[in-house]
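Below is one structure, written out as structure tokens; the observations come after it.
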Ligand SMILES: CC(C)(COP(=O)(O)OP(=O)(O)OC[C@H]1O[C@@H](n2cnc3c(N)ncnc32)[C@H](O)[C@@H]1OP(=O)(O)O)[C@@H](O)C(=O)NCCC(=O)NCCS
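In the working numbering, the protein residues as written are 78 to 295.
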């Protein structure tokens, strides 16, 4: 039997995650959110139950969480890293986060999908790709054969990673970006919307066609 799931974060990414779970037939009990203005509201017809205090005990039978914090791809916001921090904090006290696979994701049986990864509507994950724990392959993103995604990487909607690309932990590949085969994107690197990546990118913010480093630290 499927576990029941509470989605942590009732914003845009949380809504997409809840929708994917519901489409996959997983019961969703509601959301939690740290914004008290949302408490008591309904989102997709589901209740916003409260903040962290509204989570049942970590060992509640059959309860799992889903990470509803996404990444806006804005380089200098305090929210960068929040997704991983929140999940690691709740896992440390015993909560478990579920993997989310939309029924319209195409996932090779020869791909490895890490715990709590999220493969959203229309995404494609090809053979021998490895998706790290907590990573997001967002709407219609393509992860080609032999790609390696580290933990909490975000491949934003419509991005394309060609064969053998490796992306380090917590990097962000922006919406609609394209990464040429075999390249390496270092941990925490930010790739801008629509970039064409034709060389290795190790840290910082990269954007444009072809992509060039445009700023300092991501
Ligand atoms: C690249 C990016 C991280 C830069 O963000 P930022 O540091 O806040 O940068 P700014 O908006 O201040 O822009 C700085 C400069 O870079 C340019 N720039 C910003 N994003 C760019 C992009 N994607 N491609 C080309 N140039 C870009 C701006 O025009 C500006 O140029 P200027 O200095 O000549 O005026 C951001 O614009 C971006 O593309 N993020 C990805 C968005 C995404 O993936 N969203 C998915 C949500 S699910």
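We put the CB at the ideal spot given by N, CA and C, even for glycine.
Query - Completely contained alpha helix (DSSP H) runs for the region 82-154, where each covers 4 or more residues - result: Within the region 82-154, the complete alpha helix (DSSP H) segments at least 4 residues long are 89-100, listed from N- to C-terminus.
Report task. Taking the CB atoms as reference points, tell me whether residue 251 and residue 221 lie closer together than 8 Å. Result -> Along the chain shown, one-based indexing puts residue 251 at 174. Along the chain shown, one-based indexing puts residue 221 at 144. Not a contact, by the Cβ cut-off of 8 Å.
Query raised in the report: Do the CB positions of residue 97 and residue 197 come within less than 8 Å of each other?
Result: As a first step, residue 97 is located in the chain shown; it is residue number 20 there, counting from the start. As a first step, residue 197 is located in the chain shown; it is residue number 120 there, counting from the start. A contact, by the Cβ cut-off of 8 Å.
Report task. Have a look at residue 122 and residue 184 and give me their C-alpha separation to the nearest angstrom. Result -> Position 45 of the chain shown, counted from the first residue, corresponds to residue 122. Position 107 of the chain shown, counted from the first residue, corresponds to residue 184. Cα to Cα, the separation comes out at about 29 Å.
Query raised in the report: Under a Cβ-count criterion, where at least 16 other Cβ atoms within 10 Å of its own Cβ denotes burial, should residue 228 be classed as buried or exposed?
Result: Stepping through the chain shown from its first residue, residue 228 is reached at position 151. Flag for residue 228 reads buried.
Query raised in the report: Does the Cβ-Cβ distance between residue 178 and residue 188 come in under 8 Å?
Result: Residue mapping note: residue 178 aligns to position 101 of the chain shown, counting from 1. Residue mapping note: residue 188 aligns to position 111 of the chain shown, counting from 1. Cβ atoms of residue 178 and residue 188: not closer than 8 Å.
Query raised in the report: Are residue 165 and residue 142 touching if we call contact CB-CB under 8 Å?
Result: On the chain shown, residue 165 is found 88 positions in, with the first residue counted as 1. On the chain shown, residue 142 is found 65 positions in, with the first residue counted as 1. In this structure, residue 142 does not lie closer than 8 Å to residue 165 by Cβ.
**Report entry** Cα-Cα separation between residue 103 and residue 176, rounded to whole angstroms
**Finding:** Here residue 103 refers to the residue found at position 26 when the chain shown is read from its first residue. Here residue 176 refers to the residue found at position 99 when the chain shown is read from its first residue. Cα to Cα, the separation comes out at about 11 Å.
Query - Residue from 230, 218, 157 with nearest C-alpha to residue 191 - result: By one-based count along the chain shown, residue 191 stands at place 114. Cα-wise, what sits closest to residue 191 is 230.
Query raised in the report: Roughly how many whole angstroms lie between the Cα atoms of residue 99 and residue 208?
Result: Working through the chain shown from its first residue, we reach residue 99 at position 22. Working through the chain shown from its first residue, we reach residue 208 at position 131. Rounded to whole angstroms, residue 99 to residue 208 spans 22 Å at the Cα level.
Requested in this report: With residue 169 as the anchor, note down where its alpha helix (DSSP H) starts and where it stops.
Outcome: Taking the first residue of the chain shown as position 1, residue 169 is located at position 92. Where residue 169 is concerned, the enclosing alpha helix (DSSP H) stretches over 159-169.
Query raised in the report: For residue 118, does the count of other Cβ atoms within 10 angstroms reach 16, so buried, or fall short, so exposed?
Result: The count along the chain shown starts at 1 and reaches residue 118 at position 41. With a 10 Å radius around the Cβ and a threshold of 16 neighbouring Cβ atoms, residue 118 comes out exposed.
Query raised in the report: Where residue 160 and residue 146 are concerned, what is the direct C-alpha to C-alpha distance, given to the nearest angstrom?
Result: Residue mapping note: residue 160 aligns to position 83 of the chain shown, counting from 1. Residue mapping note: residue 146 aligns to position 69 of the chain shown, counting from 1. In a straight line, the C-alpha of residue 160 is about 5 Å away from that of residue 146.
Query - residue 116 versus residue 131: straight-line alpha-carbon distance, rounded - result: Indexing the chain shown from 1 puts residue 116 at position 39. Indexing the chain shown from 1 puts residue 131 at position 54. If I take the Cα positions, the gap works out to 10 Å.
Query raised in the report: Is it the case that the Cβ atoms of residue 140 and residue 81 are separated by a distance below 8 Å?
Result: If you number the chain shown from 1, residue 140 lands on position 63. If you number the chain shown from 1, residue 81 lands on position 4. Contact: yes.
Query raised in the report: With which residues is residue 250 paired in a DSSP beta bridge?
Result: Taking the chain shown and counting its residues from 1, the one referred to as residue 250 is at position 173. Residue 250 is bridged to 232, 268.
Requested in this report: Inspect the beta-carbon positions of residue 248 and residue 269 and report whether they are closer than 8 Å.
Outcome: Residue 248 sits at position 171 when you count from the first residue of the chain shown. Residue 269 sits at position 192 when you count from the first residue of the chain shown. It is not a contact, given that the beta carbons lie outside the stated cut-off.
Query raised in the report: Shortest alpha-carbon distance to residue 253 belongs to which of 106, 216, 211?
Result: As a working mapping, residue 253 is identified with position 176 in the chain shown. Looking at the Cα atoms, 216 is the closest of the given residues.
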